[in-house]
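Below: one structure, written as structure tokens.
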Amino acid sequence: MVTASPTRPMSNLWRMRSYIRPRLWTMFWMLLTAAVGTAAGIAVPLVVQHVVDGPVRHHQLAGLLLLGGLALLLGAIEAGLAFIRRWTQSAVALDTEYEIRRDLYTHLQRLPIAFHDRWQSGQLLSRLTTDLGVIRRFVSFGLIFLVVNSATYVTVTALLLHLYWPLGLVVAVSAIPLFLFSKRFTHHYLKTSRLQQDQQGDVATLVEESAQGIRVIKSFGRRRHMGRRFEHAAGQLHDTGVAKARLLARTWAEFDTVPNVTLAIVLVGGAYAVATGALTVGGLVAFVSLQLMLVWPIDSLGWIIANGQEAMTAADRVYEVFDQRPSIVDRPGAVAVPRKEIAGRLRFEGVGFRYPGAAQPVLHRIDLTVEPGETMAIVGVTGSGKTSLVSLVPRLYDVTAGRITLDGRDIRDLTLHSLRDAVGMAFEEATLFSMSVRENLTLGRADATDEEIAEALAIAQAEFVHDLPWGLETRVGEQGLSLSGGQRQRLALARAVLGKPRVLVLDDPLSALDVYTEALVEEALARVLRGTTALIVVHRPSTVALADRVALLADGEIAAVGTHSELLATVPEYRAVLSASADLSEAAR
Amino acid sequence: MKRPDRSRRRRGSRLGRSWTAAPPAGGTNVQDLAIDVDTWRGRAAEEDAERTAAERGSPVRLREGSRALLGSLVRPHRRALLWIVVLLLLQSGAEMAGPYLVKLGIDNGIPPLLHQPRNYDVLIAVGIAFGVATVAAYLGKRGFVTLSGRVGQAILFDLRNRVYRHFQRLSVGFHERYTSGRMISRLTSDMDSISELLDGGVEDLVLSLLSVFSVAVVLLWLDVPLALVSLVLFPVLAGLTRWFQRSSAIAYRHTREAVALVIVHFVESMGGIRAVQAFRREPRNEEIFEAVNRNYRNANVAAWRLIAVFSPGIKLIGNVTIAIVLTYGGYRVMHGETQVGVLAAFLLYLRKFFDPMQDLSQFYNSLQSATAALEKLSGVIDEPPAVPEPARPTPLPDARGAIDFTGVTFAYRADRPVLPELDLHIPAGQTLALVGATGAGKTTIAKLVSRFYDPTEGTVRLDGVDVRDLSDEALRRAVVMVTQENYLFSGTVADNIRFGRPSATGDEVVAAAQAIGADEFIRSLPEGYDTDVRKRGGRLSAGQRQLVAFARAFLADPAVLILDEATSSLDIPSERLVQRALRTILAERTAIVIAHRLSTVEIADRVLVLDGGRIVEDGPPAELISGGGRYATLHQQWEDSLV
Ligand SMILES: Nc1ncnc2c1ncn2[C@@H]1O[C@H](COP(=O)(O)OP(=O)(O)O)[C@@H](O)[C@H]1O
Ligand SMILES: Nc1ncnc2c1ncn2[C@@H]1O[C@H](COP(=O)(O)OP(=O)(O)O)[C@@H](O)[C@H]1O
Ligand SMILES: [Mg+2]
Ligand SMILES: [Mg+2]
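Each protein sequence line maps, in turn, to chains A and B. Each step along the first sequence adds one to the number in our numbering, with nothing skipped, and position 55 is 83. Each step along the second sequence adds one to the number in our numbering, with nothing skipped, and position 484 is 491.
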């Protein structure tokens, strides 16, 4: 769905510096402790040398004890510094990860539904967990050693050039193959690493679908079928992993070769230089022992480069999300209107709507007015755009043409908060979360009182919640699936009417109710609707009775508006959609 | 595979989950969160609802389970592992040859060059040896990394599949408790932490163990009393390790729990994003996410800080030992009990003894982290399916579709029976309608037939065979249910319909769609049957989703078809089309139809009216209507509602 921008692979990782910046000092101290600790570690052998050359040779017990004490002190310092560094490092890396994760989540919640329609949630999840883990690893490890190792490399090479420049040059030139190797490696590895991360997202998506669709899978007995699908996805991940290992194997082996070959060249060349008198034996020994210090930084460079590249592609993936601008936000100058001051006159003025990426608009030229307190039913065949239409009211999507006004003001000129505060909504499919019934009901109105909750439950005929094991505190299963369909729907309805919204948008709110319960709900709902502007998507004639007027939606346009009986009498399409007579006669046959 | 390496790693850095901390911090935080969880998540039906049975048992058994799992994963790769070790030894041997060859070159190669005639033989030999060593190191390294990558990936692949397949075997009831977020967490985040072990573990373990043992032997050989003194601090080392083992096991267990909570919350809030936004749930969600995210961070910090103590602790023990040996050794040299050379060598070797210990501690840390993940996974794998497949299934070649409930009692929660005692015979070919208030137990009956659950008491039989004795395959071929929550998978419309019968041809898919009247709308989609329906079928309207779900069931062509409010989101004309189709479709099969719109019920041969899980009326619809009972009232109400 989204591809990495191949240009400037570093840029996104570099953008993460804002997360590091507040911790720059800590990072600096960590580097310093690393350096001092290393020095202390190196000093211990020097002490040993002194012990052997001094007190032992001259039989000085006091001196021996003194130097022994010094070794103890240096050892303690080394360990102490390592401890301090690790201790702080854990906080630095984990805080960075924590903050990015928090910001990513906050950002995702602000992105419009259209974004969530397009993106697989597994892909989002893998960014939030696996990719951030990779970045954390880079921050906690790769970054520091990139600095330390580069510094070591430059210093040692400079020293070597100073010691004996012809051989020093050989060592310096050995950077060229290293550079070439890493260039080629980078070229392939970036792709592979990105591929692997995307595949991890795909696997997460598949797992999520398998968990949420478990009833369908079971009901069709497609366990093995899904097992094969998963095996295929896991197989791809496996293949990419193996390909990655092959790339790493080759490059790491090459990286290891460079210092070995350089060492051989230096040895042979040095021997020759010694033979010709250009270098002393002692000089060669010093040169070689210094050069040996380069072996580790070069070796580990391969690891660090790989780590850095994984972090780069992970950062790309994370910024792909960060770079999506929330398109449904408060306009500049948007006003907040308190709920009480909203009368509730809802107008669609020449509204058109096209789903992002779709060729054809779903809705065009919708003109419709719902007066304050009026209940308007929306009727239309499946797929005519009813759900799309009502989703526009709380700005889950924005109109692509025309405008919607509330009390004469474009809803985009209200703050999102006040608009959504004024609008109560029940979706076609009751969206419940695996948390307590209370939390599900008061989703956006944490301040709702017990009376309000009780009232909402009464309207939706959802008093069954009191029979649940812990009443309002009972956790409803994931997606509310531990309730029956009608129970779920009634909870969703209660949620919509809770706290008396000024505008009520109900998308087919009674479809899962039995006739008897439906009648009860309708009766209670009718009382609420008297004072509330409402837009109700309706399939059944019985529910139409709740509405003052009905709008018939056909092919994305309002084909007719009027009272139920008017339309029934004058509009044949309306009769076709809603009249049950044909249905009845057929059923009676 | 490789981490920046030995010498430097000693300085104590390494990544990943390697730093761990004193338990109190993590411990208290988990506690804090638990309180919060109770309030917003509400109380689950059972305590520990989200744990597997194994996790509820003792931690020791859990550990054993995970070790056993690890064993069974590694066992098939024993031979490859042997090769890995060989390659590793080759590589490290070749690498160690470098410094030695330098010494040879300087000590033996240069002197012959200093006199005329110059003799290059030794130097050339050293050069050649260098070449050989380089090639060997290259091959060893390359082979080792490739092979260990291969084995590691194979193990992960195996583990992923095992866990996934087992998840699929577990009952609907289990999934309801466990939540999809947890399942995702197991199959992604836990796998990540295992793959970290596989990435670096083998090399750490083999090389470090090797040098620790060889150095120990050398030390003993050099000077026994001095070697014994070096072991003075060994009890401290053992104590430290034991402490780390215990506390890190707990700490890493917490991180696994904590990350699962993050994922669960994330998955749910993204899945319900419409409701989240429409109800301005964002601030509250941020609060909750803040809590779970911080909790995860704290759990990680706690774990990382343990290694921040453990690893420098080992270094400290090493350094103290060196100081002790230095002093005591110097004393011995002074008294002529040993030689200076021995002391020098001893001190050098001691460092080589303790440095790999650092690597071992890193390995141990990764192992602890992976073990915590493995514990979770083995908990899943050991979870017995609540609705198990029979070991020796009764064959059912041609299901006719007669269904019998005998003395069936069922309850989701022990204290709340949903079906008190049900006896029901549905002859093959009958279309049965279930009617009753929401919550009466209609769906539950359907779920028992399709064996989402097993009855608490009594039996459900298909063609006289207890459904518990049927293989999953046979049962599912015979019984298909179209649920209220018609889940569609992301993929094309055709793929989704074909889910009913994966072997179906394109024409059959189209025919199924045509039969239930979905063909027209599908063709009007931008790419027709190849249109991607997106996650959960979000690209389609709810009614369209139901039509696709219907087509899917129709294509499956089962002997028993269960329709649970399968047309609730359809408009009346589409519903009529579906009903017309149903008449033909249901003609020669058994059907259980649950619907609130009695128009659908009218096509039934027989109606059951259910109340509180009991059958209160039973008979052909026409008969019941004239009988003046509940169904008659319902029917009257429904007719009134139509006007
Ligand atoms: N997210 C989406 N992206 C593109 N098209 C969509 C999306 N959701 C719905 N549609 C299409 O828009 C049309 C109207 O859908 P909808 O408003 O849900 O219909 P209904 O009237 O049944 O509620 C349908 O043809 C559907 O396929
Ligand atoms: N998975 C579940 N866990 C716990 N209780 C459940 C579960 N599913 C249904 N119930 C409860 O069982 C009762 C019967 O539900 P159901 O069979 O779905 O009713 P319906 O007749 O509406 O289909 C309801 O009270 C419901 O709350
Ligand atoms: Mg709709
Ligand atoms: Mg039901």
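For each residue, glycine too, the CB sits at the ideal point set by N, CA and C.
- Going by C-alpha positions, residue 289 of chain A is about 24 angstroms away from residue 273 of chain A.
- Secondary structure at residue 127 of chain B: coil, using DSSP grouped into helix, strand and coil.
- Residue 435 of chain B sits away from residue 426 of chain B, with the two beta carbons spaced by 9 angstroms or more.
- Per DSSP, reduced to three states, the secondary structure at residue 158 of chain A is helical.
- For residue 581 of chain B, the distance from the CB to the nearest heavy atom of ligand 3 is not below 8 angstroms.
- Rounded to the nearest angstrom, the gap between the Cα atoms of residue 610 of chain B and residue 598 of chain B is 11 angstroms.
- Among the residues of the region 104-119 of chain B, those with a Cβ less than 7 angstroms away from any Cβ of chain A are 105, 106, 109, 112, 113, 116, 117, in the order of the chain.
- Of the other Cβ atoms in all chains shown, 16 or more fall within 10 Å of the Cβ of residue 206 of chain B; this residue is therefore buried.
- Contact between the region 352-369 of chain B and the region 130-139 of chain B is not established, with fewer than three Cβ pairs separated by less than 8 angstroms.
- Set against 8 angstroms, the gap from the CB of residue 457 of chain A to the closest heavy atom of ligand 2 is not smaller.
- Contact between residue 522 of chain A and residue 485 of chain A holds, with the beta-carbon distance rounding to 5 angstroms and staying under 8 angstroms.
- With a cut-off of 8 angstroms, the C-beta of residue 535 of chain A is classified as near ligand 3, since at least one heavy atom of the ligand falls inside that distance.
- In this structure, DSSP gives residue 274 of chain B a helical state, which the three-state scheme calls helix.
- Annotation for residue 549 of chain B indicates a beta carbon within 8 angstroms of some heavy atom of ligand 3.
- For residue 574 of chain B, the Cβ stays outside the 8 angstroms cut-off from all heavy atoms of ligand 3.
- Residue 312 of chain B has a beta carbon lying within less than 9 angstroms of a beta carbon in chain A.
- Annotation for residue 514 of chain A indicates a beta carbon at 8 angstroms or more from all heavy atoms of ligand 1.
- Contact of residue 494 of chain B with chain A is assigned, a C-beta pair being separated by under 9 angstroms.
- Segment contact: the region 451-465 of chain B against the region 406-417 of chain B, three or more CB-CB distances shorter than 8 angstroms; contact assigned.
- Distances from the CB of residue 491 of chain A to the heavy atoms of ligand 2 are all 8 angstroms or more.
- At least one heavy atom of ligand 4 sits closer than 8 angstroms to the Cβ of residue 601 of chain B.
- Out of A:602, A:440, A:530, the CA that lies nearest to the CA of residue 561 of chain A is found in A:530.
- Selection B:445, B:433, B:239, B:516 evaluated against residue 568 of chain B yields B:433 as nearest (Cα-Cα).
- Residue range 410-420 is occupied by the beta strand (DSSP E) that includes residue 419 of chain B.
- Between the region 384-402 of chain B and the region 264-281 of chain B there are fewer than three inter-stretch CB-CB distances shorter than 8 angstroms, so the stretches are not counted as touching.
- Ligand 3 has a heavy atom closer than 8 angstroms to the beta-carbon of residue 565 of chain A.
- The beta carbon of residue 237 of chain B is closer than 7 angstroms to those of 226, 328, 332, 357 in its chain, skipping five residues each way along the sequence.
- The residues 422, 423, 434, 439, in chain order, have a CB closer than 8 angstroms to that of residue 447 of chain A in the same chain once the five nearest residues on each side in sequence are set aside.
- Using a Cβ-Cβ cut-off of 9 angstroms, residue 281 of chain B counts as an interface residue toward chain A, since at least one Cβ of chain A sits closer than that to its own.
- Around the Cβ of residue 143 of chain A, a 10 Å sphere holds 16 or more other Cβ atoms; the residue is buried.
- DSSP, reduced to helix, strand and coil, places residue 463 of chain A outside both helices and strands of the structure shown, so it counts as coil.
- Contacts with chain A (Cβ-Cβ distance below 9 angstroms) from the region 138-151 of chain B involve 138, 140, 141, 142, 144, 145, 146, 147, 148, 149, 150, 151, listed in chain order.
- Per the DSSP secondary-structure output, residue 453 of chain A pairs in a beta bridge with A:533.
- Residue 549 of chain B sits close to residue 456 of chain A, with the two beta carbons spaced by under 9 angstroms.
- Closest option to residue 451 of chain A, judged by alpha-carbon separation, among A:347, A:464, A:473, A:466: A:473.
- Going by DSSP, residue 591 of chain B is part of the alpha helix (DSSP H) stretching over 579-592.
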